[in-house]
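Here's the structure we're looking at; comments come further down.
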Amino acid sequence: MKIVSVVGARPQFVKLSALSKELRKKHQEIILHTGQHYDDELSKVFFSELSIPEPDYNLGIGSAEHGEQTGRMLKGIEEILLFEKPHLVIVYGDTNSTLAGALAAVKQKIPVAHVEAGLRSFRRSMPEEINRVLTDQVSSLLFCPTKTSVQNLRKEGITKGVYLVGDVMYDSVRQHIKKAEKISGIMKKLNLSKKDFYLITIHRAENTDIKGNLKKIVNILLGLDKKTVFPVHPRTKKSLSEFNLL
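Here my numbering is used: the first residue of the sequence shown is 781, the next is one more, and so on.
Spelled out as structure tokens, the structure:
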């Protein structure tokens, strides 16, 4: 079976690393990278460190407003699917790459498999919520990480093709944790010991782009009882600087 895996953002690369390894044992996999996360720190490093095969296609879309970005992805993915004629398209999570991949496939009558189906925040103001709801509606195979996600789909009338499979991100962590411990020097560099610090990540627009929200988060972090390790997303770093919160 020929399968196209559509990815574009960091979490999707991690999930792909776990699933791709198994897919390639029995199927032909084609990796299509939309370029949603496009620089070395947000993209290339994941492929090298997680031993993911280089993408067969990279659209190089980059950042843009949601409508423009999704539209450009849809056009690029459609052209590739018309050429490759896969039997299945796999999409991951809830990004614009997810929605574009699903729509491009279903319009060509290609079945869609959605990894992390059924997750809901119940906040339609979030672009990610719109992406995941629409993607689930057009998917033929819905791989759910939790019982709650299965129940969410049932409430929306989606019961066919739904499978409770667990969290593929957990699978990836188990596969790569020994390698991470071996090659990472951050613990030694910062003089840290296990369970003696918090790992922080802040990247969603509603947390980074609104000064009041970001300030509340920073104040909470400053009051924690342990050291914090904070790999700063470029957008977050820019906001911290603009809001004088560094």
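Using N, Cα and C, we set each Cβ at its ideal position, and we do this for glycine too. As the structure is a computational prediction, the values presented were derived from the model and not from experiment.
Residue of 872, 906 and 956 minimising C-alpha distance to residue 826: The residue given as residue 826 occupies position 46 in the sequence shown. Comparing Cα-Cα distances from residue 826 to each of 872, 906 and 956, the minimum goes to 956.
Cβ neighbour criterion (16 or more within 10 Å) applied to residue 813: Within the sequence shown, residue 813 is the residue found at index 33, counting from 1. When all chains shown are included, residue 813 counts as buried.
Contact under 8 Å by Cβ, residue 853 with residue 876: Numbered from its first residue, the sequence shown carries residue 853 at position 73. Numbered from its first residue, the sequence shown carries residue 876 at position 96. In contact: residue 853 and residue 876 (Cβ atoms closer than 8 Å).
Whether residue 874 touches residue 911 by CB criterion (8 Å): Mapped onto the sequence shown, residue 874 falls at position 94. Mapped onto the sequence shown, residue 911 falls at position 131. Contact: yes.
Other residues of its chain near residue 991: CB distance less than 7 Å, five sequence neighbours each side excluded: The residue labelled residue 991 in the question sits at position 211 within the sequence shown. The residues are 1023.
Proximity of residue 897 and residue 922 at Cβ, strictly below 8 Å: On the sequence shown, residue 897 is found 117 positions in, with the first residue counted as 1. On the sequence shown, residue 922 is found 142 positions in, with the first residue counted as 1. Residue 897 places its beta carbon less than 8 Å from that of residue 922.
Residue of 995, 828, 1009 and 958 minimising C-alpha distance to residue 969: For the purposes of this step, residue 969 is identified with residue 189 of the sequence shown, where counting begins at 1. Comparing Cα-Cα distances from residue 969 to each of 995, 828, 1009 and 958, the minimum goes to 1009.
CA-to-CA distance, residue 845 to residue 926, given in whole angstroms: Counted from its first residue, the sequence shown places residue 926 at position 146. Counted from its first residue, the sequence shown places residue 845 at position 65. Taking the straight line joining both Cα atoms gives about 31 Å.
From 908, 828 and 782, residue whose alpha carbon lies closest to that of residue 959: On the sequence shown, residue 959 is found 179 positions in, with the first residue counted as 1. Comparing Cα positions, the closest option is 828.
Contact the stretch 967-983 vs the stretch 888-906: 3+ CB pairs below 8 Å: Judged by Cβ distances under 8 Å, the stretch 967-983 makes no contact with the stretch 888-906, as fewer than three pairs qualify.
Assigned secondary structure, residue 990 (DSSP; H/G/I helix, E/B strand, else coil): Looking up residue 990 in the sequence shown gives position 210. Looking at residue 990 - three-state DSSP - the assignment turns out to be coil, as it is neither helix nor strand.
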